[in-house]
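Here's the structure, in structure tokens; my notes come after.
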Amino acid sequence: MTRVLLVDDHPVVRTGLRMLLTTAGIEVVAEAANGQDAVRLAEECDVDVVLMDLQMGAGIDGVAATELVLAKPDAPRVLILTTYDTDQDILRAVEAGASGYLLKDAPPDDLVDAVHRAARGETVLAPVVADRLLARLRNPAPTLSARELEVLRQVAQGRSNREVAKTLFVSEATVKTHLVHVFEKLGADSRTGAVARARELGLLRD
């Protein structure tokens, strides 16, 4: 029998998932409402799969918890189950080593099947997630240098070129040069457009 640890900060969601999985013959060994408890229980309990939410309020998020869980010897598989489907969230979860990424609107049968497949060591991705990953592989996101990112972060905070120059101890001309490169890489024609595009790509966070 497949054994699962449920991780979600909403009690109602955990109750629904427990009923669904139990009815399908999957044993829910333990539940956690945050990332810290998820890491502890994954090590203490004998489980095959950790069904992990991404955002759980205060404390470490699902990606950080996934990394910590998988860093332990003989770690269980981690299957992300979330409402978030942004490129940034998906890539972070996959890079952390998650065996799968499903959305909470997935059909119940698909979720049950995904848990079993994850327990067998298979990779399980929701169709929309798989499409996004393929798109990113075909069209890799542009990368900015560390200095370009620093300049763009300052711009995102509403600072002028002069203010950015003072903050970073460089000349205004240097700031302008960095911004020209940023605009070219992001395909933007304005400061606001560059910031918006960088956030869309996950290069900047609010």
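Heads up, the sequence shown is in numbering that gives the first Met the number 0, so the first residue is 0 and it goes up one at a time.
Even for Gly, the Cβ is constructed at its ideal location relative to N, Cα and C.
All values reported here derive from a predicted model rather than from experimental measurement.
Task: Beta-carbon proximity list for Glu-147, same chain, < 7 Å, skipping 5 on both sides - done: Locating residue 147 in the sequence shown gives position 148, counting from the first residue. Answer for Glu-147: His-177, His-180 and Val-181, listed in chain order.
Open item on the list: By alpha-carbon positions, which one of Lys-71, Leu-102, Tyr-83 and Leu-110 ends up nearest to Gly-96?
Closed with: As a first step, residue 96 must be located in the sequence shown, where it is residue number 97. Considering only alpha carbons, the answer is Lys-71.
- [ ] With distances taken Cα to Cα, identify the nearest neighbour of Arg-161 among Leu-167, Glu-171 and Val-154.
- [x] By 1-based counting over the sequence shown, the position of residue 161 is 162. For the residues Leu-167, Glu-171 and Val-154, the minimum Cα distance to Arg-161 belongs to Glu-171.
- [ ] Evaluate Met-51 with the Cβ neighbour count: other Cβ atoms within 10 Å of its Cβ, from every protein chain shown; 16 or more gives buried, anything less gives exposed.
- [x] Here residue 51 refers to the residue found at position 52 of the sequence shown. Its Cβ being crowded by 16 or more others within 10 Å, Met-51 is buried.
Open item on the list: Please report the straight-line C-alpha distance between Thr-22 and Thr-1, rounded to a whole angstrom.
Closed with: Looking up residue 22 in the sequence shown gives position 23. Looking up residue 1 in the sequence shown gives position 2. Computed Cα separation, rounded: 13 Å.
Open item on the list: If you measure between the beta carbons of Gln-54 and Tyr-100, is that distance less than 9 Å?
Closed with: Position 55 of the sequence shown, counted from the first residue, corresponds to residue 54. Position 101 of the sequence shown, counted from the first residue, corresponds to residue 100. It is not a contact, given that the beta carbons lie outside the stated cut-off.
TODO: Would you kindly check if the distance between the Cβ of Ala-105 and the Cβ of Ala-125 is under 9 Å?
DONE: In the sequence shown, the residue the question calls residue 125 occupies position 126. In the sequence shown, the residue the question calls residue 105 occupies position 106. In contact: Ala-125 and Ala-105 (Cβ atoms closer than 9 Å).
TODO: Could you tell me the distance, in whole angstroms, from the CA atom of Gln-156 to the CA atom of His-115?
DONE: Locating residue 156 in the sequence shown gives position 157, counting from the first residue. Locating residue 115 in the sequence shown gives position 116, counting from the first residue. Approximately 46 Å, taken between the alpha carbons.
Task: Cβ shell of Pro-107 (< 6 Å), same chain only, five flanking positions each side left out - done: Position 108 of the sequence shown holds residue 107. Contacts found: Leu-19.
Task: Proximity of Leu-167 and Val-150 at Cβ, strictly below 9 Å - done: Here residue 167 is taken as the residue at index 168 of the sequence shown, counted from 1. Here residue 150 is taken as the residue at index 151 of the sequence shown, counted from 1. The answer is yes: Cβ separation under 9 Å.
TODO: Specify the secondary structure class of Thr-81 as computed by DSSP and reduced to three states.
DONE: For this step, residue 81 is matched to residue 82 along the sequence shown. Note: Thr-81 maps to strand in three-state DSSP.
Task: Coil, strand or helix - Ala-31 by DSSP - done: Counting from 1 along the sequence shown, the entry for residue 31 is found at position 32. Reduced to three states, the DSSP call for Ala-31 is strand.
Task: Pairwise C-alpha distance: Glu-26 and Arg-152 - done: Looking up residue 152 in the sequence shown gives position 153. Looking up residue 26 in the sequence shown gives position 27. Rounded to whole angstroms, Arg-152 to Glu-26 spans 47 Å at the Cα level.
Open item on the list: Taking 8 Å as the limit between beta carbons, can you name the residues of its chain near Gly-58, skipping five residues before and five after?
Closed with: Indexing the sequence shown from 1 puts residue 58 at position 59. Contacts found: Asn-33, Gly-34 and Gln-35.
Task: Straight-line gap, Arg-204 to Asp-112 (C-alpha atoms, nearest Å) - done: In the sequence shown, counting from the first residue as 1, residue 204 sits at position 205. In the sequence shown, counting from the first residue as 1, residue 112 sits at position 113. Between Arg-204 and Asp-112, the C-alpha separation is close to 34 Å.
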